[in-house]
Amino acid sequence: MNVRIIPRLDIKGPNLVKGIHLEGLRVLGKPEAFARHYYDQGADELIYMDVVASLYGRNSLVETVRTTAQEIFIPLTVGGGLRTLEDIQTVLRAGADKVAINTEAVRNPAFVAEASSTFGSSTIVVSIAAKRRPDGSYECYTDNGRERTGVDAAEWAVRAVSLGAGELMVTSIDQEGTGRGFGIELTRRISTAVSVPVVACGGAGSVDHVSEVASEGNADAVGIASILHYRVVQQISHEDEASFSEGNLDYIRGRAAQNAIPAAATAAIDIEPASVSEVKERLNRDSISCRPVVKGQSV
């Protein structure tokens, strides 16, 4: 089976953002512009996560999803603030192919069964954000990593699949945004306990980390943010100001040199930017199967 490479775009309002441990968000630009680059580079899928939706009880990505779906023709998973069947139906009608649910799934597990029965298991992704406990187990967190639940992550993964989840998205909060690598142990515990695909998220600082979580963590897919985002920031034209949000232009213009990572953006992390095609080339060298980039689409 091919390992899927999936750019993950965390979105707040109209902006693509990135933080550390799901906090300290920095605006990077417009998600639609980044999505187009990833599509051209040969991404297998995309993930759009509304990172403040659970706080406000609603998902605000409908228009962004609709715009993206008109231009990007690969599967799109949308998550954040989806608490009712109507919420799911709304984003699916806008163009999403799958939905990711976390907070409502943990609070009301029956929702997973209802959603999978209504829309099909292949449409329902249960998102698991977890932190390591002192005893070595992992605890699920909700509300974009802010609320403890007391729920064991591995046990919840098994239950979520039994309720009808067709895929799991696993994020190590300890590693997320740090550039130190994925939560390989967390990913492996869950991937070996369930029969559905597992998407590993959180922590990639280099293509080495992607290869490691695919081989050592048994991940079926890898959600990647920082190393891809900072490469696209380097590629988008300085003059393409429409791709960047007001208040963020000084950050973009202030790059020390062409092909350099903004120092302010990486002060606390160690990032080696790469394109989707470069990630896939590395996986192929490591004998990890992935879908080849269509000739002419690689950037």
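Residues are numbered in the numbering used here as their position in the sequence shown, beginning at 1, plus a constant of 1275.
A virtual CB, placed ideally from N, CA and C, is assigned to each residue, including glycine.
If you're wondering where the values come from, they're calculated on a predicted model, not measured in any experiment.
Its Cα nearest to that of ALA1310, the residue ILE1499 stands out among ILE1499, ARG1557, GLU1487 and PRO1409. When C-beta atoms of the stretch 1373-1385 are compared with those of the stretch 1430-1446, three or more pairs fall below 8 Å, so the two segments count as touching. For ILE1399, there is no enclosing alpha helix (DSSP H); the residue is found in the beta strand (DSSP E) stretching over 1399-1407. In its chain, beyond the 5 residues on either side, PRO1282 have a beta carbon closer than 6 Å to the beta carbon of LEU1503.
Around the CB of ALA1496, 16 or more other CB atoms lie within 10 Å, so the residue is classed as buried. Close CB contacts of CYS1476 within its chain, under the 7 Å cut and outside five residues either way in sequence, are with ARG1283, MET1444, VAL1445, THR1446 and GLY1498 (chain order). When only Cα atoms are considered, GLY1478 and TYR1313 end up about 19 Å apart.
For ASP1483, the enclosing alpha helix (DSSP H) starts and ends at 1482-1490. In this structure, VAL1488 keeps its C-beta atom at 8 Å or more from the C-beta atom of ILE1448. In the displayed model, LYS1305 falls within coil according to three-state DSSP, outside both helix and strand. By the criterion of a C-beta distance shorter than 6 Å, ILE1347 is surrounded in its chain by ALA1310 and TYR1314, once the five residues flanking it on both sides are discounted. In the DSSP assignment, THR1446 falls within the beta strand (DSSP E) that extends over 1442-1447. For VAL1426, the CB contacts under 8 Å within the same chain, skipping 5 residues up- and downstream, are VAL1381, GLU1414 and CYS1415 in chain order. A check of alpha carbon separations from MET1324 across ALA1388, ARG1566 and ASN1290 identifies ASN1290 as the nearest. GLN1450 and MET1276 have their C-alpha atoms some 26 Å from each other.
In this structure, the straight-line span from the alpha carbon of GLY1454 to that of ARG1464 is close to 21 Å. In the structure shown, the three-state DSSP call for ASN1383 is coil.
A direct Cα-to-Cα measurement between LEU1558 and PRO1350 gives close to 21 Å. The Cβ atoms of THR1359 and VAL1337 do not sit closer than 8 Å to each other. According to the DSSP secondary-structure assignment, GLU1422 is paired through a beta bridge with THR1417. Counting only the Cα atoms, GLY1492 lies some 8 Å from LEU1461.
Of the candidates ARG1560, VAL1436 and ASN1383, the residue whose Cα lies closest to the Cα of PRO1472 is VAL1436. Separation of the CB atoms of ALA1549 and VAL1482 is rounded to 5 Å, and the pair is thereby assigned contact status at 8 Å.
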